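Residue 253 in our numbering is what sits at position 253 of the sequence shown, and the numbering runs on without skipping anything.
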Amino acid sequence: MNKTIIINIGNSIIHIEEEAYEILMVYLNEIKQHFAKSADDFEIVKDIENRIAEMFAEILQKGQKQVIDVADVQGVIAQMGSVQDFVGEEEEEVKYDNPYGNYNSPKKLYRDTEEGVIAGVCAGLSHYLNMEARWLRLAFFLLMFVAGTGILVYLILWIAIPRAATRSERMEMKGEATNLYGYKKSFDEELAALKANMKSANDHLAPVVKKSSNFITDIIKMFGRLIRGIFKIFGKGIAIFIIVFGFGCLITLIVFLGMLLGFWDDSAYQTFPLSVINTPFREGLIVNAFLTFFIPILALVLFALKVINNRIEISKYIWFALLILWLIGAGASGYYTAKILGEFKEEAQLVQQTDLKQYQTYVIDVDKSMVFNKEDSIRYHLEDINIGNRIIVDNYDNGGPFRDPRSVSFEITKSLDNKASITATYESQGRDFQTALKHVQNIDYKFVQKDSSLVFSPNIQFKKNMPWRDQSVHIQLKIPVGSRVLINENTHRYWSFYQYYWCRDSQGEHKEPYRESIMTEDGLKCRYDLENPENQ
Numbered sequence: 001m002n003k004t005i006i007i008n009i010g011n012s013i014i015h016i017e018e019e020a021y022e023i024l025m026v027y028l029n030e031i032k033q034h035f036a037k038s039a040d041d042f043e044i045v046k047d048i049e050n051r052i053a054e055m056f057a058e059i060l061q062k063g064q065k066q067v068i069d070v071a072d073v074q075g076v077i078a079q080m081g082s083v084q085d086f087v088g089e090e091e092e093e094v095k096y097d098n099p100y101g102n103y104n105s106p107k108k109l110y111r112d113t114e115e116g117v118i119a120g121v122c123a124g125l126s127h128y129l130n131m132e133a134r135w136l137r138l139a140f141f142l143l144m145f146v147a148g149t150g151i152l153v154y155l156i157l158w159i160a161i162p163r164a165a166t167r168s169e170r171m172e173m174k175g176e177a178t179n180l181y182g183y184k185k186s187f188d189e190e191l192a193a194l195k196a197n198m199k200s201a202n203d204h205l206a207p208v209v210k211k212s213s214n215f216i217t218d219i220i221k222m223f224g225r226l227i228r229g230i231f232k233i234f235g236k237g238i239a240i241f242i243i244v245f246g247f248g249c250l251i252t253l254i255v256f257l258g259m260l261l262g263f264w265d266d267s268a269y270q271t272f273p274l275s276v277i278n279t280p281f282r283e284g285l286i287v288n289a290f291l292t293f294f295i296p297i298l299a300l301v302l303f304a305l306k307v308i309n310n311r312i313e314i315s316k317y318i319w320f321a322l323l324i325l326w327l328i329g330a331g332a333s334g335y336y337t338a339k340i341l342g343e344f345k346e347e348a349q350l351v352q353q354t355d356l357k358q359y360q361t362y363v364i365d366v367d368k369s370m371v372f373n374k375e376d377s378i379r380y381h382l383e384d385i386n387i388g389n390r391i392i393v394d395n396y397d398n399g400g401p402f403r404d405p406r407s408v409s410f411e412i413t414k415s416l417d418n419k420a421s422i423t424a425t426y427e428s429q430g431r432d433f434q435t436a437l438k439h440v441q442n443i444d445y446k447f448v449q450k451d452s453s454l455v456f457s458p459n460i461q462f463k464k465n466m467p468w469r470d471q472s473v474h475i476q477l478k479i480p481v482g483s484r485v486l487i488n489e490n491t492h493r494y495w496s497f498y499q500y501y502w503c504r505d506s507q508g509e510h511k512e513p514y515r516e517s518i519m520t521e522d523g524l525k526c527r528y529d530l531e532n533p534e535n536q
């Protein structure tokens, strides 16, 4: 039975056997005596103790042990190296081939906030990828102009990559061995760089620049401390909210992906904005758009889980895989989006004029009853519904997020030849004029004259299923001077240059469904305003 001691090393509580503890204390005393000559000996020893504590924690976790024994301590000492391994370098002026000094550890990815400009992402990546940080900063800057991709990627990396807070982490970031020789070398290099930077700053920087730099740095640090303080107070609550909300969003995205990739009929693609997508682009755009939105939400959920439980370890390879998938999805989505936007490059118009029967008064209505063809009857299962003499009404005016942008507009103007007529202008867009013209010819729009009554359809139909290319119809009603029009309330959303609710009825109120207007030399005027100019 071995006696066990509880020690505090590197702010970690470790259970260690008594014999192992004595070996460890001899080792640490040798280190303290050697570095006692340095002005910052306390910092060096503290960093070494922190590293030893990390190694002990790794040993306990890997071996599923509770106590550090002699073999564990000897293994740590062998890995860290002893003072005698490099003390000869300082006593003799000959080159010493140190086995630890020439050893390079595998690099780990951290954010280098000491050399970083914002959060140290580019500086950390430069160490890991063996390239200059300025080129990475330039790449992120250029990506900012690609739909803000650079900002989003930077924020994801900021969240995913930990900061190199300790000397051990900074050494691992640069691929330096985390042993005694490595610590000594790292400290000497930092001290030399600090002296060089201070000398350079004193020689070249003006006092005003120094004050400005210090002020900006202080502001950034103060803001950072504020954010950290808020996060410590509300961090876990925010993390729980992100997890719950994030899981809901992820499930919603998965459901929509399944619905759009074949578990739903093609009628979904006839609703806006899905009606904009070309048939060959559907699957590719939907899958890549799914990745573009799914991966950032998944990354936030994983980060929130890590905030709640620090024991959850997420490999950097997972983060890199998510980043690569997101870049592929965002890039492909951008490609498909550019291709679809190219479908709106050219515009075509067709103008059709229809003469009307001459009447002193015209009544204008919108017919909202829906007409179904055979395909519509099958889609809506109308054969299973006993409609009788009832009429199905399209309540298009209520709009909604999945309705096509309004495609029909009306206008009443003065006729120059004292004849009543309707000029219908059909418009559409396409990748070239020929394609745009095909879209125009595919428009099916109807209006009917029944004596003095003009009944218009509230929206356009298509002869064949084609993607939405901003197809529209503009109806221009031309009537002679002196003609009267009774305009129904259900048309008020479709007028250009005419406000239905500005015109009052014959009683000077806004109760009657029809408002009467008269065509004058100056255009269409409300009858009530003409008869009661003093009330305008």
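Note that CB positions come from ideal geometry on N, CA and C, so glycine has one too.
Only a predicted model underlies this, so the values are computations on that prediction, with no experimental measurement involved.
- Cβ contact annotation for Ile5 (same chain, cutoff 8 Å, sequence separation greater than five): His15, Ile16, Glu17, Glu18 and Tyr21, in chain order.
- A distance below 7 Å between beta-carbons, with the five flanking residues on each side excluded, links Lys525 to the following residues of its chain, in chain order: Ser517 and Ile518.
- For Thr279, the number of other beta carbons within 10 angstroms of its own is below 16, and it is reported as exposed.
- By the criterion of at least three beta-carbon pairs nearer than 8 Å, the stretch 420-438 is not in contact with the stretch 485-493.
- When only Cα atoms are considered, Trp326 and Ile68 end up about 44 Å apart.
- With fewer than 16 other Cβ atoms from the protein chains shown falling within 10 Å of its own Cβ, Ala139 counts as exposed.
- When the alpha-carbon of Gln352 is set against those of Ile23, Gln476 and Glu58, the nearest one is in Gln476.
- When C-alpha distances from Leu341 are compared across Gly430, Tyr362, Leu416 and Phe293, the shortest belongs to Gly430.
- Residue environment: Arg134 is assigned as exposed (fewer than 16 neighbouring CB atoms within 10 Å of its CB, all protein chains considered).
- For Ile308, the CB contacts under 8 Å within the same chain, skipping 5 residues up- and downstream, are Lys236, Ala239, Ile240 and Ile243 in chain order.
- A Cβ-Cβ distance of about 59 Å is found for the pair Trp468 and Ser168, leaving them out of contact under the 8 Å criterion.
- Between His474 and Glu411 the beta-carbon gap is near 7 Å, inside 8 Å, which marks them as a contact.
- Straight-line measurement puts the Cα of Lys446 at about 9 Å from the Cα of Pro458.
- The residues Ile314, in chain order, have a CB closer than 7 Å to that of Leu302 in the same chain once the five nearest residues on each side in sequence are set aside.
- Counting C-beta atoms within 10 angstroms of its own C-beta, Asp72 has 16 or more neighbours from the protein chains shown and is therefore classed as buried.
- Per DSSP, the continuous alpha helix (DSSP H) segment holding Arg527 begins and ends at Arg527 to Glu531.
- Gly63 sits exposed, since fewer than 16 C-beta atoms from the chains shown fall within 10 Å of its C-beta.
- DSSP places Lys478 in the uninterrupted beta strand (DSSP E) bounded by Ser472 to Ile479.
- Assignment of Phe145 by DSSP, reduced to helix, strand and coil, places it in the coil class.
- Between the beta-carbon of Phe281 and that of Tyr336 there is about 5 Å, and that keeps the pair under the 8 Å contact cut.
- In this model, Leu454 and Val366 are separated by some 8 Å (Cα to Cα).
- For Lys32, there is no enclosing beta strand (DSSP E); the enclosing alpha helix (DSSP H) covers residues Glu18 to Phe35.
- Between Glu54 and Ile9, the gap from beta carbon to beta carbon reaches 8 Å or more.
- The stretch 295-364 contains, as complete alpha helix (DSSP H) runs of 4+ residues, the segments 316-341 (chain order).
- The criterion of a C-beta distance shorter than 8 Å is satisfied by Phe290 and Leu253.
- Pro533 and Ser333 have their alpha carbons spaced roughly 59 Å apart.
- Cys122 and Arg137 have their C-alpha atoms spaced approximately 6 Å apart.
- Sequence-distant partners of Gly246 (beyond 5 residues in either direction) whose C-beta falls short of 6 Å from its own C-beta, in its chain, are Ile297, Leu300 and Val301.
- If you draw a straight line from the Cα of Met131 to the Cα of Lys464, it is about 56 Å long.
- Under the three-state reduction of DSSP, Thr113 is assigned to coil, being neither helix nor strand.
- For Phe456, the three-state secondary structure derived from DSSP is strand.
- Per DSSP, Met80 is one residue of the alpha helix (DSSP H) stretching across Val70 to Met80.
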